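Structure first, then comments.
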Amino acid sequence: MKKSVLFLLVFLTFCVAGHAQTEEQILRPVTAAYTFGIGSSHLADTYLSPINYNGWSASFDYNRWQAMKASPESWLMNLNFGIEIDRGLNRVGNAVMWYAGFNASWGVLRRWNIVKGLKIGVGPIANIDLGALYLNRNSNNPVSAKAALTVGANGFAAYNLRIGRLPVTLLWQPTLPVVGAFFSPDYGELYYEIYLGNHNGLAHCAWWGNYFRLDNSVTADLHFGATALRIGYRGEILSTKVNHLVSNHFTHRFVIGISGEWLSLNPRKTLSPKAKTYHALYNF
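When we follow my numbering, the leftmost residue of the sequence shown carries the number 1469, and every step to the right adds one.
See the structure below:
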């Protein structure tokens, strides 16, 4: 009986050790980028003014990619955070409209390795957008609040190549919300009325007929060393139409920042020489 128990304990020990060794052999480095953007903006919101405002736009964004723990060879997850500030002037230059906003998104993508160096993927994504427009010449209604929660589709195409001896990663990322909900007051409704309790008709179902947004970026990562220089372009289109109110927000920005791969290892575990690494975007 004692020999059977001892044999069972030894067997279980080897099973646990074998399972731990299998886990150690799966490495999923994080591909992350921190970028600044600067460019032009077009702001229009009929709740505040029928006039268009044009000026500059600035942003800071964090972008994170990683192979998923389940099926790392086929599925990726993508996390994004961003803040944005825009300033626009009317045609005669005597009024200023400001915009400040925050956005976050998380998505999963099915990935395919098409040919050597080329990866593409597509999948669902959830987005949250919060912000506000401020017009300094309005005394009664100076602010137009913005809020939206949407789900949609996102995709990517990453191509790894070498220009001479320099490794380069070209990346295209489009994001297109499909359905969700967004906030908008009624035509002429004061925020003071909302504060007093008039909460009817503030949330609206978002679809392409009344809420259209497209986020599109094209970047190049220049791998000079362990950290890469990221440069590129990002364009955003947001157009809403509800309660006889029209809002348009268009931006075009040049982006620059740093990117690279980071891998966290447990110092108490020895890395197996047979460990398999699943890169999210890079593959040279």
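We put the CB at the ideal spot given by N, CA and C, even for glycine. The structure displayed is predicted, hence computed values, not measured ones.
Collapsed DSSP secondary structure at residue i in the structure displayed
{"i": "GLU1661", "result": "helix"}
{"i": "ALA1568", "result": "strand"}
{"i": "ASP1683", "result": "strand"}
{"i": "LYS1742", "result": "coil"}
{"i": "MET1536", "result": "coil"}
{"i": "GLY1505", "result": "strand"}
{"i": "SER1586", "result": "With the sequence shown as reference, residue 1586 is identified as Leu, and Ser is not the correct amino acid for it. It is a strand residue."}
{"i": "ARG1605", "result": "coil"}
{"i": "ALA1649", "result": "strand"}
{"i": "ASN1751", "result": "coil"}
{"i": "ARG1559", "result": "coil"}
{"i": "ASN1678", "result": "coil"}
{"i": "TRP1552", "result": "Note that residue 1552 is Glu in the sequence shown, not Trp. Strand, per DSSP."}
{"i": "GLU1541", "result": "coil"}
{"i": "SER1715", "result": "strand"}
{"i": "LEU1706", "result": "strand"}
{"i": "GLU1491", "result": "Caution is warranted here: a pLDDT of 49 is assigned to GLU1491, below 50, making its placement in the model unreliable, and the coordinate value is therefore given only provisionally. The answer is helix: DSSP assigns GLU1491 an H, G or I state."}
{"i": "THR1514", "result": "coil"}
{"i": "ASP1597", "result": "strand"}
{"i": "GLY1486", "result": "Any reading at GLY1486 must be qualified, since the residue scores a pLDDT of 47, below 50, and its modelled position is unreliable; the value itself is stated next. Reduced to three states, the DSSP call for GLY1486 is helix."}
{"i": "GLY1656", "result": "coil"}
{"i": "ASN1522", "result": "strand"}
Given residue i as reference, the closest of the options once Cα atoms are compared
{"i": "ASN1562", "options": "HIS1720, ASN1522, GLY1656 and PHE1722", "result": "ASN1522"}
{"i": "LEU1644", "options": "TYR1750, HIS1691 and VAL1590", "result": "VAL1590"}
{"i": "ARG1702", "options": "LYS1537, PRO1497, ASN1684 and ASP1654", "result": "ASN1684"}
{"i": "GLU1704", "options": "TRP1675, ASN1604, LEU1670 and GLY1550", "result": "GLY1550"}
{"i": "LEU1598", "options": "ALA1572, ASN1604 and GLY1585", "result": "ALA1572"}
{"i": "ARG1698", "options": "ARG1681, GLU1729 and ASN1678", "result": "GLU1729"}
{"i": "ARG1579", "options": "ALA1600, ASN1546 and GLU1552", "result": "ASN1546"}
{"i": "ARG1633", "options": "THR1687, GLY1507 and HIS1691", "result": "HIS1691"}
{"i": "ASP1654", "options": "VAL1686, LEU1577, LEU1516 and THR1695", "result": "LEU1516"}
{"i": "ALA1696", "options": "TYR1750, ALA1674, PHE1680 and CYS1673", "result": "TYR1750"}
{"i": "ASN1595", "options": "LEU1682, ALA1535, MET1536 and VAL1583", "result": "LEU1682"}
{"i": "TRP1423", "options": "ALA1600, GLY1700 and HIS1672", "result": "Outside the shown range of the chain (1469 to 1752) lies residue 1423, about which nothing can therefore be said."}
{"i": "HIS1720", "options": "GLY1569, GLY1656 and ASP1554", "result": "ASP1554"}
DSSP beta-bridge partners of residue i
{"i": "TYR1701", "result": "VAL1686 and PHE1722"}
{"i": "ARG1496", "result": "Paired residues: none, contrary to the question."}
{"i": "PRO1642", "result": "ASN1684"}
{"i": "PHE1692", "result": "Paired residue(s): none; PHE1692 is not in a bridge."}
{"i": "ILE1631", "result": "LEU1634"}
{"i": "SER1527", "result": "GLY1505 and GLU1552"}
{"i": "LEU1547", "result": "ARG1532 and TRP1574"}
{"i": "LEU1672", "result": "Looking at the sequence itself, residue 1672 is His, so the reference to Leu does not match. The partner list for HIS1672 (beta bridge, DSSP) reads PHE1650."}
{"i": "GLY1728", "result": "ALA1500 and THR1695"}
{"i": "PRO1592", "result": "ALA1621"}
{"i": "ASN1581", "result": "LYS1587"}
Residue i: CB within 7 angstroms of a non-hydrogen atom of the ligand SAM
{"i": "GLU1657", "result": "No copy of the ligand SAM occurs in the structure displayed, which carries no ligand at all."}
Query raised in the report: Counting Cβ pairs, one atom from each stretch, are 3 or more of them under 8 angstroms apart for the segment 1508-1518 and the segment 1702-1721?
Result: The count of Cβ pairs closer than 8 angstroms, one atom from the segment 1508-1518 and one from the segment 1702-1721, reaches three, so the stretches are in contact.
Requested in this report: Say whether the segment 1534-1543 touches the segment 1740-1749, bearing in mind that this needs 3 or more beta-carbon pairs closer than 8 angstroms, one atom from each stretch.
Outcome: yes
Query raised in the report: Taking contact to mean at least 3 C-beta pairs separated by less than 8 angstroms, is the segment 1616-1629 in contact with the segment 1583-1597?
Result: yes
Query raised in the report: Quick one: any contact between the segment 1660-1669 and the segment 1624-1634, if contact means 3 or more CB pairs under 8 angstroms?
Result: no
Query raised in the report: Is it true that the segment 1645-1654 meets the segment 1703-1711, where meeting means three or more beta-carbon pairs spaced less than 8 angstroms apart?
Result: yes
Query raised in the report: Okay, do the segment 1630-1638 and the segment 1606-1613 touch, 3+ Cβ pairs below 8 angstroms being the bar?
Result: no
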